[in-house]
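Peer 1: Residue numbers for the sequence shown, in my numbering: 15 to 172.
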Amino acid sequence: MDENDPRFKPLKEQDGFALIPDRWKVDYFMSMGELSRFSLELKENGRLMGTKCPECGSIYCWPRSWCHDCYVDCEWVEMEPRGRITLFARVEISLNDIQTEVPYMQGGVQLEGARYPIVQFIRGEFEKMYPGMPVRVEFRPPEERTGRIRDFYFVPDV
Numbered sequence: 015m016d017e018n019d020p021r022f023k024p025l026k027e028q029d030g031f032a033l034i035p036d037r038w039k040v041d042y043f044m045s046m047g048e049l050s051r052f053s054l055e056l057k058e059n060g061r062l063m064g065t066k067c068p069e070c071g072s073i074y075c076w077p078r079s080w081c082h083d084c085y086v087d088c089e090w091v092e093m094e095p096r097g098r099i100t101l102f103a104r105v106e107i108s109l110n111d112i113q114t115e116v117p118y119m120q121g122g123v124q125l126e127g128a129r130y131p132i133v134q135f136i137r138g139e140f141e142k143m144y145p146g147m148p149v150r151v152e153f154r155p156p157e158e159r160t161g162r163i164r165d166f167y168f169v170p171d172v
């Protein structure tokens, strides 16, 4: 028996609700469909792409195939590789296979020109981070990129 396997731990009670520890492992393939260019550009060119509404000018990263305000198809644009931290947290446990080394930082970053912030990994010293802190995108080396979200992260740009 693996003592770290949550299936062998007792349930917890919190605010009158039973929380039952469990583990799910499901292998699957996910199609990116019309948004495939986002992953392909990450992997092949180390570029962060978004989409722009030709009517209202909103820029979305994470990309959208159509504008949810104007109901028109969006066009691909390369995102500015800079932004500012809107919020951040130091994570002390690994919840998935995307980030297994702990602790790590994750937070919201408002990319220059984007309509909404994105949540992504942030590298740096937690004690020196603050809301509004300028950050820039860094990419993993080409041989390590897989076209997944972990191919890029933010670092302080101060």
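We put the beta carbon where it would ideally sit given N, CA and C, even for glycine.
Please go through the same chain and pick out, in chain order, the residues whose beta-carbon is closer than 7 Å to the beta-carbon of E94, but skip the five residues on each side of it.
Peer 2: Excluding residues within five positions, the ones whose Cβ falls inside 7 Å are L125, E126 and G127.
Peer 1: Can you list, in chain order, the residues of its chain whose CB lies under 6 Å from that of P35, leaving out five sequence neighbours each side?
Peer 2: The residues are P20 and K23.
Peer 1: Would you check whether the ligand GTP has a heavy atom nearer than 7 Å to the C-beta of H82?
Peer 2: No copy of the ligand GTP appears in this structure; indeed no ligand is present at all.
Peer 1: Between which two residues does the beta strand (DSSP E) carrying F52 extend?
Peer 2: That residue, F52, is in no beta strand (DSSP E); its alpha helix (DSSP H) goes S50 to N59.
Peer 1: Under a three-way DSSP split, which group does F22 fall into?
Peer 2: In this structure, F22 counts as helix in the three-state DSSP scheme.
Peer 1: Mind checking M63: buried by the 16 CB within 10 Å criterion, or exposed?
Peer 2: Its Cβ being crowded by 16 or more others within 10 Å, M63 is buried.
Peer 1: Give me, in chain order, the residues of the same chain whose beta-carbon lies closer than 6 Å to that of R159; leave out the 5 immediate sequence neighbours on both sides.
Peer 2: Same-chain partners within the cutoff: K57 and D165.
Peer 1: With E69 and C84 assumed to form a contact (beta carbons below 8 Å), what rounded beta-carbon distance in angstroms separates them?
Peer 2: Between C84 and E69 the Cβ distance is about 4 Å, and since that is below 8 Å, they are a contact.
Peer 1: Can you give me the start and stop residues for the beta strand (DSSP E) that I136 sits inside?
Peer 2: Looking at the DSSP string, the run of the beta strand (DSSP E) that includes I136 is I132 to I136.
Peer 1: Per the DSSP calculation, E89 is bridged to which residue(s)?
Peer 2: According to DSSP, E89 bridges with K66.
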